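Participant: Before I ask anything, here is the structure I am working with.
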Amino acid sequence: MVTVNRDILKWAMEWNGLTVDDLKSSFSKIADWLEGKHSPTMKQLESFAAKTHTIVPYFFMESAPQIRLQIADFRTVANTSASKAPSPELFETIDSMLYRQGWMSDYFQAEGYEALPYIGIFASQEESVDSNHIADYLHGLLSLDLDWASGHGIHSTDDAWRTLRKAIEKTRVSVSISGHAGSNQGRKFSVEEFRGFVLSDRFAPIVFVNGGDAKAAQMFTLIHEYTHLLFARTGLDNYEDDPALFLTSGQEHFCDKVAAEFLVPTSRFMEVWESGKDHDRALGAAVAKFKASYIVCLRKALELGLIAQEDFWLLYNDHKKAYQEAPKRTKGKNDKWDPYPAKGTQLGDVFSDAVFMAVKDEYLPYSEAYKITGLKSQSFDRYYSKRGLVV
């Protein structure tokens, strides 16, 4: 038996959102531990630490550790989680992405890659540059014209999402999209906590998107985070889709405006709107054309003065109610899940290709490659064979 700080046992449970009932099947005397009637063995404490994503030394400290966000917090003041410690899932994911970025940056520089010229390109103009100008710049940088989302081969939001992700990765930004921490699908991210984050670097920038969000919302996050790179900013985001809570100034509002203009160009939106017979049909046509969310298109109409505030709120509330009441699709018993496409989305093309090249060049040992990708030997080979590469 070991003597531990019971307050820290309670803190670890609270940090993970766990109750005594959640843990008693694994630790039959957990209630006694918390009341000081019993003490865990060292082996039990190690298991408890693993279960709560902590480390054993924490439980011998006088007070609970202060878990702080490792990067800047761009989240709005309306988001109540912004003042709280990051969840274990978010904290570990940021750590993992920072490690990934450090490795990629070192590797690219060792291989003689040049610094990316667009990182921080507008940093000195932050107070003067126009959001529409940035949106135009992004269309050029990503080689996606104003009508890209309704172009050849793009028939759905999923198609647009894939096209946008691929275009961003072609500029050597590593995009990682996942709805859970690591390979554990049970450790899901909360959309209420964050929608994405960006890690700026001149050689290996990373954009991470919460894959638990809807695809249209993910596209908005992708462009929002990508815009931060033009100002060389690193931080965590969770934009509010409640119009009553939209920021009215600052970098976050600016990135929102850029993302909205990129996804729903004003000139094209006006063409769609003027051809619609009423608000509902015009908005439906806009969503179909731009593959953007209904809220983004509705907000665009309000900002352009095309609908009155009263009509805006009626449409907004009707949409939110319909979305909340819509039945959620569940997997059928005959549905088959292939883990490799999901892993590819999580690792992204830039990172996957860098690991492959580093292994082939003997820059990176296989053991480290397995660790950094979260793949075991056989799954590592299988993953790359599905990408048409032989390790």
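Heads up: the sequence shown runs through residues 697 to 1087, numbered per this note's numbering. The beta carbon of each residue, even a glycine, is placed where N, CA and C say it ideally should be. Here the structure is a predicted model, which is why all the values come from computation and not from measurement.
(1) Within a Cβ cutoff of 8 Å, which residues of the same chain sit near Gln762, ignoring the five residues on either side of it in sequence?
(2) Please confirm if the stretch 842 to 850 is in contact with the stretch 890 to 910, defined as three or more CB-CB distances below 8 Å between the two stretches.
(3) Tell me the DSSP secondary structure of Lys884 in three-state form.
(4) Straight-line CA distance for Val869 to Ile919?
(5) For the putative contact between Asn906 and Arg883, defined by C-beta atoms under 8 Å, what is the C-beta separation to the nearest angstrom?
(6) Would you report the Cα separation of Thr748 and His876, rounded to the nearest angstrom?
(7) Using three-state DSSP, classify Ile873 as helix, strand or coil.
(8) What is the DSSP secondary structure of Gly732, counted as helix, strand or coil?
(9) Quick one: what does DSSP say Asp933 is sitting in, helix, strand or coil?
(10) Between the Cα of Phe787 and those of Glu889, Lys985, Asp802, Glu967, spot the shortest distance and give me the residue it belongs to.
(11) Whose CA, out of Val887, Thr789, Leu959, lies closest to the CA of Tyr922?
(12) By the three-class DSSP mapping on this structure, what secondary structure does Asn1113 have?
(13) By Cβ distance, which residues of its chain are closer than 8 Å to Phe899, with the 5 residues on each side in sequence left out?
(14) How many angstroms separate the CA atom of Val773 from the CA atom of Glu948?
(15) Taking 9 Å as the CB-CB cut-off, is Ile726 touching chain D?
Facilitator: The short version:
(1) Hits under 8 Å: Ala781.
(2) No contact exists between the stretch 842 to 850 and the stretch 890 to 910.
(3) In the structure shown, Lys884 sits in a strand (DSSP, three-state: E or B).
(4) The straight-line gap from Cα to Cα measures roughly 12 Å.
(5) Beta-carbon to beta-carbon, Asn906 and Arg883 are separated by about 13 Å, too far to satisfy the 8 Å threshold.
(6) Taking the straight line from one Cα to the other gives about 16 Å.
(7) In the structure shown, Ile873 sits in a strand (DSSP, three-state: E or B).
(8) Coil at Gly732, not helix or strand.
(9) DSSP places Asp933 in the strand class (E or B) of the three-state scheme.
(10) The shortest Cα separation from Phe787 among Glu889, Lys985, Asp802, Glu967 belongs to Glu889.
(11) In this structure, Leu959 is the residue among Val887, Thr789, Leu959 with its C-alpha nearest to the C-alpha of Tyr922.
(12) Residue 1113 lies beyond the range of the chain shown here (697 to 1087); nothing can be said about it.
(13) Excluding residues within five positions, the ones whose Cβ falls inside 8 Å are Met800, Ser801, Phe804, Gln805, Tyr809, Ala811, Leu812.
(14) Caution is warranted here: a pLDDT of 48 is assigned to Val773, below 50, making its placement in the model unreliable, and no coordinate value can be reported.
(15) Among the chains in the structure shown there is no chain D, since it carries only a single protein chain.
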